[in-house]
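In what follows, a single structure is set out as structure tokens and then discussed.
Residue numbers (this note's numbering), protein chains in the order written: chain L, 1 to 332; chain F, 333 to 674.
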């Protein structure tokens with residue numbers, strides 16, 4: 001029993017750690033793009049990569065101050081959104097999906113390529129760019145602190161705290177936007193963009209704004225992750241993270257302000273709880289070694305997540321916060 | 333089209349569109365009275381044209397969907413646009429509202445050219461349309477659907493949206509206006525329901541009401557009565573007539589001839605992309621070109637006995653030729669001529 005409580009505490013730590021912040025920010029960006037505006041961005045991780053590397057390259061390679069790196073990362077994300085949006089947003093939704101998924105994979109391969117090594121340091125990545133930020137913590141970051149039954153390093157705690165403040169501010173921004181006439185226009189675009197055009201709204205501009213805003217949130221997520229891990233390597237930014245963020249969004253409920261946040265926390269909680277819990281049960285002999293070995297756990301936990309999502313879509317398609325009536329309406 | 337002599341186009345160019353006749357208290361009578369003396373010719377000039385179309389063509393591959401030489405739409409009147417399926421009515425609508433771009437041609441609204449304008453710009457000028465397949469925004473409430481139609485909203489800008497103080501009072505005014513319209517269209521009880529829960533007819537009503545939120549000058553309705561039950565049709569007809577009373581110009585596509593006869597001041601008939609006839613509703617059913625377009629050019633009158641014989645004989649002959657035995661079994665009387673030919 002004590003072991004299960006331990007597993008619970010470890011899972012709780014994962015649910016409020018900076019990794020969860022990373023996933024939550026990705027999902028918040030997707031919520032603006034997909035949940036409210038109906039844009040299919042399948043390469044959210046590309047924005048995160050630009051955010052993370054924006055800081056890493058600026059600070060480690062060019063010797064710029066940390067905050068300049070943040071600005072460069074955000075600017076790069078805006079630029080990517082514009083580059084992706086200009087050719088595709090006048091076309092059907094599928095084209096953005098194709099362009100983003102290709103860009104996400106292409107950018108990662110570019111950053112780990114040999115020719116980019118002088119700037120990105122290839123597959124080994126960059127590190128040592130987060131000291132300025134960690135130094136801002138009001139407590140001693142070298143110490144370890146007890147929190148909810150788990151031990152945290154001071155630096156992790158600081159990154160997570162700033163990350164959750166970012167998430168809270170983003171939620172506030174989303175809430176303000178979606179209850180305004182601007183939000184009404186983007187939701188209408190999700191339903192039927194021709195109807196919105198016929199009523200005198202410049203659909204293209206609204207889609208672009210949503211794409212840029214979502215991309216900036218993705219970049220912020222990537223920054224939190226890079227600063228949290230203290231390094232930036234291309235393979236941290238696998239596009240699987242985009243789909244994990246979509247899963248979090250659907251789990252929490254799309255087009256709901258808090259849906260992606262709760263979804264991301266729950267996602268990390270379940271992954272970590274399944275991981276620690278299964279390992280405990282295996283080492284205790286509750287689950288026989290022949291049935292499931294400790295090395296299989298890493299894969300099995302994603303199987304469990306997949307199973308959970310299937311059950312969710314069958315029994316609660318609207319996610320945790322969604323409105324069932326709304327989801328059950330045939331959109332268009 | 334070059335082969336088609338267009339005396340009407342020349343007339344229209346000569347007459348030009350006279351300066352706007354001041355909108356009186358009863359625009360309905362004004363439009364009807366104005367159209368009374370207009371000859372029933374294709375491309376005829378109207379006394380006060382809101383929309384003028386010139387030489388607009390649109391082809392899809394080898395198919396010419398629209399080829400309109402000259403067309404004027406009277407201001408303040410209800411113009412019905414009819415024609416068989418595939419006549420190019422909806423394509424013309426799409427072109428006029430910027431949803432499609434023509435291969436050639438120009439058109440103007442109040443003398444202002446509309447070619448190359450994107451749909452939202454056309455709409456902002458005051459030409460608003462509805463769609464054949466109703467576009468209710470399913471996962472927005474009926475009231476939100478209506479509010480979307482309001483023009484010049486301060487809160488629709490990204491940054492101003494973040495400061496509710498900037499747009500709240502305007503939002504309140506728009507909401508009042510929307511509720512007023514919903515009451516007129518008997519949808520006020522549904523204002524907080526998702527538009528996706530409305531019936532087909534209610535969606536048509538909502539779409540029309542939403543279009544009116546933009547304060548349009550010209551309303552273009554693409555099959556407003558399609559799929560609507562007869563009782564609701566009557567109420568929709570009333571609403572369309574109301575638009576005219578308020579001085580709006582209405583263009584609508586419709587297949588139901590009773591509806592067209594009932595409400596139009598002027599009817600334009602299209603077939604295979606061309607305007608083949610126009611005139612007041614009563615002139616249309618007698619127009620030979622229209623009858624041909626709808627029923628086919630070779631239907632003619634019922635066959636006479638002589639013709640029947642001739643057709644029969646031709647059929648026999650072809651059968652006989654195929655079989656190579658002659659048609660004597662069927663029609664011995666005509667055998668000699670038959671045989672002689674062989």
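In this text, a Cβ means the ideal position worked out from N, Cα and C, and glycines have one as well.
ask   = So which residues of chain L does residue 431 (chain F) contact, with C-beta pairs closer than 9 Å?
value = Here the neighbours are 194, 197 and 198.
message = Between residue 499 (chain F) and chain L, is any beta-carbon pair separated by less than 8 Å?
response = Cβ-Cβ to chain L under 8 Å: yes for residue 499 (chain F).
task = Enumerate in chain order the residues of its own chain whose CB-to-CB distance from residue 143 (chain L) is below 7 Å, with the five nearest sequence positions on each side excluded.
result = Closer than 7 Å at Cβ, skipping near neighbours: 154.
request  = Please report how far the alpha carbon of residue 493 (chain F) lies from the alpha carbon of residue 250 (chain L), in whole angstroms.
outcome  = Answer to the nearest angstrom: the Cα atoms are 26 Å apart.
message = Quick check on this structure: which residue in F:550, F:520, F:443 and F:529 has the alpha carbon closest to the alpha carbon of residue 410 (chain F)?
response = Among F:550, F:520, F:443 and F:529, the Cα nearest to that of residue 410 (chain F) is on F:550.
message = Against chain L, with Cβ distances strictly below 8 Å, would residue 481 (chain F) count as a contact?
response = Yes - at least one Cβ of chain L is within 8 Å of the one on residue 481 (chain F).
message = Could you check whether the Cβ of residue 609 (chain F) sits closer than 8 Å to any Cβ belonging to chain C?
response = Of the protein chains in the structure, L and F, none is chain C.
Chain L contacts made by the segment 535-562 of chain F, where a contact means CB separation under 9 Å = Residues passing the 9 Å Cβ filter: 539, 542, 543, 545 and 546.
Separation of residue 115 (chain L) from residue 27 (chain L), as counted between CA atoms = Each residue's alpha carbon lies about 32 Å from the other.
task = Alpha carbon to alpha carbon, how far is residue 113 (chain L) from residue 122 (chain L)? Give it in angstroms, no decimals.
result = Whole-angstrom Cα-Cα distance: 6 Å.
ask   = In whole angstroms, what separates the C-alpha of residue 165 (chain L) from that of residue 459 (chain F)?
value = Answer to the nearest angstrom: the Cα atoms are 47 Å apart.
query = Whose C-beta lies closer than 6 Å to the C-beta of residue 25 (chain L) among residues of the same chain, with five residues either side of it excluded?
reply = Excluding sequence neighbours, residue 25 (chain L) sits near 217, 220 and 221.
inquiry  = Looking at the strands, I want to know which residues DSSP matches up with residue 653 (chain F).
reply    = For residue 653 (chain F), DSSP records no beta bridge to any residue.
message = Distance cutoff 8 Å, beta carbons only. Does residue 168 (chain L) sit that close to anything in chain F?
response = Cβ-Cβ to chain F under 8 Å: no for residue 168 (chain L).
Residue 318 (chain L) burial status per 10 Å Cβ neighbour count (16 or more: buried) = Looking at its Cβ environment, which holds 16 or more other Cβ atoms inside 10 Å, residue 318 (chain L) is buried.
request  = Look at the Cβ atom of residue 181 (chain L), then the Cβ atom of residue 464 (chain F), and state whether they are nearer than 8 Å.
outcome  = The Cβ atoms of residue 181 (chain L) and residue 464 (chain F) lie no closer than 8 Å to each other.
message = Tell me the rounded alpha-carbon separation between residue 358 (chain F) and residue 584 (chain F).
response = In this prediction, residue 358 (chain F) scores a pLDDT of 49, lower than 50, which makes its location untrustworthy; the coordinate-derived value is nonetheless stated afterwards. C-alpha of residue 358 (chain F) to C-alpha of residue 584 (chain F): approximately 21 Å in a straight line.
message = Suppose you measure from the CA of residue 355 (chain F) to the CA of residue 595 (chain F); what does that come to, to the nearest Å?
response = Caution is warranted here: a pLDDT of 42 is assigned to residue 355 (chain F), below 50, making its placement in the model unreliable, and no coordinate value can be reported.
request  = With DSSP as the reference, label residue 606 (chain F) as helix, strand or coil.
outcome  = Residue 606 (chain F) falls in the strand class under three-state DSSP.
key: Cβ neighbour criterion (16 or more within 10 Å) applied to residue 284 (chain L)   = Taking all protein chains shown into account, residue 284 (chain L) has fewer than 16 neighbouring C-beta atoms within 10 Å of its C-beta and is therefore exposed.
key: CB of residue 52 (chain L) within 8 Å of CB of residue 223 (chain L), strictly   = Yes, these two residues count as a Cβ contact at 8 Å.
query = residue 2 (chain L) to residue 266 (chain L), Cα distance in whole Å?
reply = Distance from the CA atom of residue 2 (chain L) to the CA atom of residue 266 (chain L), rounded to whole angstroms, is 22 Å.
query = Of all the CB atoms in chain F, is at least one closer than 8 Å to the CB of residue 338 (chain L)?
reply = Past the edges of chain L, shown from 1 to 332, lies residue 338 (chain L), and the structure says nothing about it.
ask   = Straight-line CA distance for residue 456 (chain F) to residue 483 (chain F)?
value = Between residue 456 (chain F) and residue 483 (chain F), the C-alpha separation is close to 8 Å.
inquiry  = The beta strand (DSSP E) that contains residue 439 (chain F), what's its start and end?
reply    = Segment 436-441, the beta strand (DSSP E) holding residue 439 (chain F).
query = Is residue 397 (chain F) helix, strand or coil by DSSP?
reply = Reduced to three states, the DSSP call for residue 397 (chain F) is strand.
ask   = Got a sec: is the Cβ-Cβ distance from residue 434 (chain F) to anything in chain L below 8 Å?
value = For residue 434 (chain F), the nearest beta carbon of chain L is not closer than 8 Å to its own beta carbon.
ask   = Of all Cβ atoms in chain F, is any one closer than 8 Å to the Cβ of residue 187 (chain L)?
value = Residue-level contact check: residue 187 (chain L) touches chain F, since one or more beta carbons of chain F fall below 8 Å from its beta carbon.
task = Report yes or no: is there a C-beta of chain L within less than 8 Å of the C-beta of residue 493 (chain F)?
result = Yes - at least one Cβ of chain L is within 8 Å of the one on residue 493 (chain F).
request  = Report back the beta-carbon spacing between residue 43 (chain L) and residue 72 (chain L) to the nearest angstrom; my notes put them in contact at under 8 Å.
outcome  = At roughly 20 Å, the Cβ-Cβ gap does not stay under 8 Å, so residue 43 (chain L) and residue 72 (chain L) are not in contact.
task = Pair every Cβ in the segment 196-215 of chain L with every Cβ in the segment 228-247 of chain L, then say whether three or more of these pairs are closer than 8 Å.
result = Output reads no: the segment 228-247 of chain L does not touch the segment 196-215 of chain L.
task = Would you identify the three-state DSSP class for residue 372 (chain F), choosing helix, strand or coil?
result = In the structure shown, residue 372 (chain F) sits in coil (DSSP, three-state: anything other than H, G, I, E or B).
request  = Please decide whether residue 456 (chain F) counts as near chain L, where near means a Cβ-Cβ distance under 8 Å.
outcome  = Judged by the 8 Å Cβ criterion, residue 456 (chain F) is in contact with chain L.
ask   = Rounded to whole angstroms, how far is the Cβ of residue 478 (chain F) from the Cβ of residue 521 (chain F), which I believe are closer than 8 Å?
value = Residue 478 (chain F) to residue 521 (chain F), Cβ: 14 Å. No contact.
task = Report the rounded CA-to-CA distance for residue 444 (chain F) versus residue 453 (chain F), giving the unit in angstroms.
result = Roughly 12 Å separates the two Cα atoms.
Nearest to residue 41 (chain L) (by Cα), restricted to the options L:58, L:70, L:64 and L:103 = Scanning L:58, L:70, L:64 and L:103 for the CA closest to the CA of residue 41 (chain L) turns up L:103.
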